[in-house]
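Numbering (my numbering), first residue to last: 3 to 165. Beta carbons are placed, not taken as given, at the ideal position from N, Cα and C, and that holds for glycine.
This is the structure in structure tokens:
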């Protein structure tokens with residue numbers, strides 16, 4: 003795809019503005035530094051959830067557990083009561099977390115048996131979040147309404163992004 007002169011100027015201007023927002027120091031590998039810059043901005047974003055989703059979870063979920071991302075070791079830390087567990091960020095369930103908000107039903111994941119010891123067998127656990135900002139949302143096993151609502155919420159969000 004060939005860009006016109008105006009497109010080239012726009013892209014050059016956007017790249018220049020982006021690099022100016024980076025810390026002023028010599029950068030050997032600018033591509034890697036740019037990726038790190040955007041990952042850092044993503045982690046600093048204050049709002050994890052859309053207010054509609056957050057309100058629904060607050061009203062319907064039995065419990066929510068925040069996962070703290072530890073960039074130095076690449077793990078998500080779960081703190082529950084006196085229990086601390088570091089979960090490797092390269093596990094399949096965490097690889098699914100992208101820069102966009104997403105959810106994963108952990109019922110059939112490799113984490114299910116471990117989470118059952120923490121949350122109880124009568125619970126259904128969803129992982130909701132994006133890269134480096136995630137939480138476990140715990141519902142009653144029989145709460146199909148909430149699971150369907152979240153599935154519908156995320157399917158409509160995907161349609162909006164595609165438009």
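Review point. Are the beta-carbon atoms belonging to residue 148 and residue 141 less than 8 Å from one another?
Key: Along the chain shown, read from residue 1 onward, the residue named residue 148 stands at position 146. Along the chain shown, read from residue 1 onward, the residue named residue 141 stands at position 139. Residue 141 sits close to residue 148, with the two beta carbons spaced by under 8 Å.
Practice item. Flag this pair as touching only if the region 70-79 and the region 89-106 have three or more C-beta atom pairs under 8 Å; answer yes or no. Key: Yes, the region 70-79 is in contact with the region 89-106.
Practice item. Below 8 Å on the Cβ atoms is my guess for residue 87 versus residue 133; work out the distance and round it to an integer in Å. Key: Numbered from its first residue, the chain shown carries residue 87 at position 85. Numbered from its first residue, the chain shown carries residue 133 at position 131. Actually they do not touch by this definition, with Cβ atoms about 19 Å apart.
Check your understanding: Who are the near neighbours of residue 72 in its chain, counting only those whose CB is closer than 8 Å to its CB and skipping five residues on each side?
Key -> In the chain shown, counting from the first residue as 1, residue 72 sits at position 70. Within its own chain, the residues whose Cβ lies closer than 8 Å to the Cβ of residue 72, once the five positions on either side in sequence are excluded, are 78, 79, 88, listed in chain order.
Point to revise | Coarse secondary structure for residue 114, derived from DSSP in three states | key: Within the chain shown, residue 114 is the residue found at index 112, counting from 1. Per DSSP, reduced to three states, the secondary structure at residue 114 is helical.
Practice item. Please state if the CB of residue 60 and the CB of residue 139 are separated by a distance shorter than 8 Å. Key: Locating residue 139 in the chain shown gives position 137, where the first residue counts as 1. Locating residue 60 in the chain shown gives position 58, where the first residue counts as 1. Not in contact: residue 139 and residue 60 (Cβ atoms no closer than 8 Å).
Exercise for review: Using 10 angstroms around the beta-carbon of residue 96, count the other beta-carbons present and answer buried if the total reaches 16, otherwise exposed.
Suggested key: Taking the chain shown and counting its residues from 1, the one referred to as residue 96 is at position 94. Answer is buried; the Cβ neighbour count reaches 16.
Review point. Beta strand (DSSP E) containing residue 74: first to last residue?
Key: The sequence position of residue 74 within the chain shown is 72, counting from 1. Here residue 74 belongs to no beta strand (DSSP E), and DSSP marks it neither H nor E.
**Study point:** Where residue 13 falls, given that 16 or more other Cβ within 10 Å makes a residue buried
**Key:** Sequence index remark: in the chain shown, residue 13 carries index 11 (1-based). A residue is called buried when at least 16 other Cβ atoms come within 10 angstroms of its Cβ; residue 13 does not meet this threshold and is exposed.
Practice item. Could you tell me the boundaries of the alpha helix (DSSP H) in which residue 62 lies? Key: Along the chain shown, one-based indexing puts residue 62 at 60. In the DSSP assignment, residue 62 falls within the unbroken alpha helix (DSSP H) covering 53-62.
Review point. Can you tell which of 137, 56, 84, 124 has the C-alpha that lies nearest to the C-alpha of residue 106?
Key: For this step, residue 106 is matched to residue 104 along the chain shown. Closest option to residue 106, Cα to Cα, is 137.
Point to revise | Of the residues 146, 74, 85, 104, the one placed nearest residue 159, counting alpha carbons only | key: By 1-based counting over the chain shown, the position of residue 159 is 157. With respect to the C-alpha of residue 159, the residue from 146, 74, 85, 104 having the closest C-alpha is 104.
Check your understanding: When you compare each of 151, 120, 51, 126 to residue 85 by their alpha carbons, which one comes out closest?
Key -> To locate residue 85, count along the chain shown from 1; it is residue 83. For the residues 151, 120, 51, 126, the minimum Cα distance to residue 85 belongs to 120.
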